[in-house]
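Q: Structure below; questions to follow.
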Amino acid sequence: MPHKITLIARPVDSFEVPSSEGYQLYSALLNIIRQEYEDLATYAHDSPLSSLSLSPLRGVFMPGDRPRHKKIDPAHRYCMKIGIVDSRESELFSSIVRQLVLRERTLVLERGELQVERVSTSASSFEELLSPSYDGEDLCIDIRFISPTCIQYRNSDVCEMFPHREAVFSSLLSKWNASCPDGFRMDIQRDEMARFIIERPVSYETHSAMVNTVFDQKKGHHRPILRQGFTGRCIYTFTDDAPSDVRNGILALSRFAEFSGIGSAVARGCGAVEVRICR
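Here our numbering = 1-based position in the sequence shown + 1190.
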């Protein structure tokens, strides 16, 4: 069952984080899990399709002293969301909640700590995500890409720099089919996505997001690993002749997106979205 955990945290002191802070949040979260379940943390880290998706920190930041950095202010609270979509990962969800709620953990980042003050959870089963069926009214899907969304084109090294309908919903479909229980797999073809969905970008920007660092043996220091992506807002609608099963499937994938994230590096803070389905 897809779960979502929302954390409200306050920094102990002011400190800097990178503009793309997701990989530090991911490491901090794994360290919390590792203190109770070493094997579970290893599985989450090594899984080829991440069970976790993280949003960036949302709140008020001050300018950083270094390029591509921002400063966290202890006068403010910050919000972060964790999505868990693998139907087999109830232990992962329980471990995170137990550690953060019952043991009052802090998230230890590279230059400071975030004290978790409040934790809330929500969940929707795959059946519930599929259940609100298309009722004949015109619907639109309003997606806000709130962190750089990095979608690789098929198996290439090229990333999409535009919220194209095929790229967005093919990414979601692969995540759905990789994590749903038997009997809930969907078979929507890319041609159907291209034929029956229309995208209307409201605004978007392209980005280079840092998703990790690696030690450069030649230069003797760490260097960033970057992914290319976009942020912004896009509205998706259906053509008049779109079949009801395609509409229903795309609507379910859209609801699923807030749990799974879109594209790659979602565990490192990329691909976080907010979705609103409107008439």
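Just so it is clear, CB atoms sit at the ideal spot from N, CA and C, and this is done for glycine as well.
1) For the alpha helix (DSSP H) containing Q1305, list its first residue and its last residue.
2) Beta carbon of I1378, beta carbon of G1439: below 8 Å?
3) Should Y1343 be labelled buried (16 or more other beta-carbon atoms within 10 Å of its own) or exposed?
4) Grouping DSSP H, G and I as helix and E and B as strand, with all else coil, what is E1211?
5) Taking the DSSP output, what are the residues bridged to T1427?
6) From what residue to what residue does the alpha helix (DSSP H) around F1359 run?
7) So, E1356 versus M1376, is the Cβ gap smaller than 8 Å?
8) With distances taken from CA atoms, which of D1263, T1396 and F1316 is nearest N1367?
9) Mind checking which residues open and close the beta strand (DSSP E) that includes G1273?
10) Assuming V1275 contacts S1398 (C-beta within less than 8 Å), just tell me the rounded distance between them.
11) Please report the distance separating the alpha-carbon of D1328 from that of C1468.
12) Nearest chain D C-beta to S1285 closer than 8 Å, yes or no?
13) I'd like to check one pair, K1271 with K1365: are the Cβ atoms closer than 8 Å?
14) If you draw a straight line from the C-alpha of A1432 to the C-alpha of D1381, how long is it?
15) Using CA coordinates, which residue listed in Q1418, R1385, G1422 and L1363 is at the minimum distance from V1392?
16) Could you tell me which residues DSSP pairs with F1251 in its beta bridges?
17) Quick one: Cα of S1312 to Cα of T1296, how far?
18) Any idea if S1434 is buried or exposed, counting beta-carbon neighbours within 10 angstroms, 16 or more meaning buried?
19) Assuming E1464 and R1334 make a contact with CB atoms under 8 Å, what is their CB distance in whole Å?
20) Which residue wins for smallest C-alpha separation from L1290, given the options M1252, N1221 and L1242?
21) If I follow the unbroken beta strand (DSSP E) through S1243, where does it start and stop?
22) Measuring CA to CA, which of E1318, L1320 and C1424 is closest to M1351?
23) Does DSSP put E1464 in a helix, in a strand, or in coil?
24) Mark I1262 as exposed unless 16 or more other C-beta atoms lie within 10 angstroms of its C-beta, in which case mark it buried.
A: Taking the definition as stated:
1) One-based indexing of the sequence shown puts residue 1305 at position 115. DSSP places Q1305 outside any alpha helix (DSSP H); the residue lies instead in the beta strand (DSSP E), whose first and last residues are E1303 to A1313.
2) In the sequence shown, counting from the first residue as 1, residue 1378 sits at position 188. In the sequence shown, counting from the first residue as 1, residue 1439 sits at position 249. A Cβ-Cβ contact shorter than 8 Å links I1378 with G1439.
3) As a working mapping, residue 1343 is identified with position 153 in the sequence shown. In this structure Y1343 is exposed. Its beta-carbon is surrounded by fewer than 16 other beta-carbon atoms within 10 angstroms.
4) Residue 1211 sits at position 21 when you count from the first residue of the sequence shown. In the three-state DSSP reduction, E1211 falls in the coil class, being neither helix nor strand.
5) For this step, residue 1427 is matched to residue 237 along the sequence shown. Partner residues in the beta bridge of T1427, as assigned by DSSP, are C1330 and I1388.
6) The count along the sequence shown starts at 1 and reaches residue 1359 at position 169. Following the DSSP letters along the chain, one finds F1359 inside the alpha helix (DSSP H) bounded by residues R1355 to S1369.
7) What you label residue 1356 is simply residue 166 of the sequence shown in a count that begins at 1. What you label residue 1376 is simply residue 186 of the sequence shown in a count that begins at 1. It is not a contact, given that the beta carbons lie outside the stated cut-off.
8) For the purposes of this step, residue 1367 is identified with residue 177 of the sequence shown, where counting begins at 1. Looking at the Cα atoms, F1316 is the closest of the given residues.
9) The residue given as residue 1273 occupies position 83 in the sequence shown. Counting along the chain, the beta strand (DSSP E) containing G1273 begins and ends at Y1268 to I1274.
10) As a position in the sequence shown, residue 1275 is number 85, starting the count at 1. As a position in the sequence shown, residue 1398 is number 208, starting the count at 1. Going by Cβ atoms, the distance from V1275 to S1398 rounds to 26 Å, so no, they are not a contact pair.
11) Locating residue 1328 in the sequence shown gives position 138, where the first residue counts as 1. Locating residue 1468 in the sequence shown gives position 278, where the first residue counts as 1. Distance between the alpha carbons of D1328 and C1468 is about 9 Å.
12) Protein chains in the displayed structure number just one, and chain D is not present.
13) For the purposes of this step, residue 1365 is taken as the residue at position 175 of the sequence shown. For the purposes of this step, residue 1271 is taken as the residue at position 81 of the sequence shown. Not in contact: K1365 and K1271 (Cβ atoms no closer than 8 Å).
14) As a working mapping, residue 1432 is identified with position 242 in the sequence shown. As a working mapping, residue 1381 is identified with position 191 in the sequence shown. When rounded, the distance between both Cα atoms is 12 Å.
15) The residue labelled residue 1392 in the question sits at position 202 within the sequence shown. Comparing Cα-Cα distances from V1392 to each of Q1418, R1385, G1422 and L1363, the minimum goes to G1422.
16) Along the sequence shown, one-based indexing puts residue 1251 at 61. F1251 is bridged to I1262.
17) Here the question's residue 1312 lines up with position 122 in the sequence shown. Here the question's residue 1296 lines up with position 106 in the sequence shown. Cα-Cα distance, rounded: 21 Å.
18) On the sequence shown, residue 1434 is found 244 positions in, with the first residue counted as 1. The residue is exposed, with fewer than 16 neighbouring Cβ atoms inside 10 Å.
19) One-based indexing of the sequence shown puts residue 1464 at position 274. One-based indexing of the sequence shown puts residue 1334 at position 144. The Cβ separation is near 4 Å, so the contact holds.
20) Counted from its first residue, the sequence shown places residue 1290 at position 100. Per the Cα distances, N1221.
21) In the sequence shown, counting from the first residue as 1, residue 1243 sits at position 53. Its beta strand (DSSP E) spans residues L1242 to L1244.
22) As a first step, residue 1351 must be located in the sequence shown, where it is residue number 161. Closest option to M1351, Cα to Cα, is C1424.
23) Along the sequence shown, one-based indexing puts residue 1464 at 274. It is a strand residue.
24) Position 72 of the sequence shown, counting from 1, holds the residue named residue 1262. With 16 or more Cβ atoms within 10 Å of its Cβ, I1262 is classed as buried.
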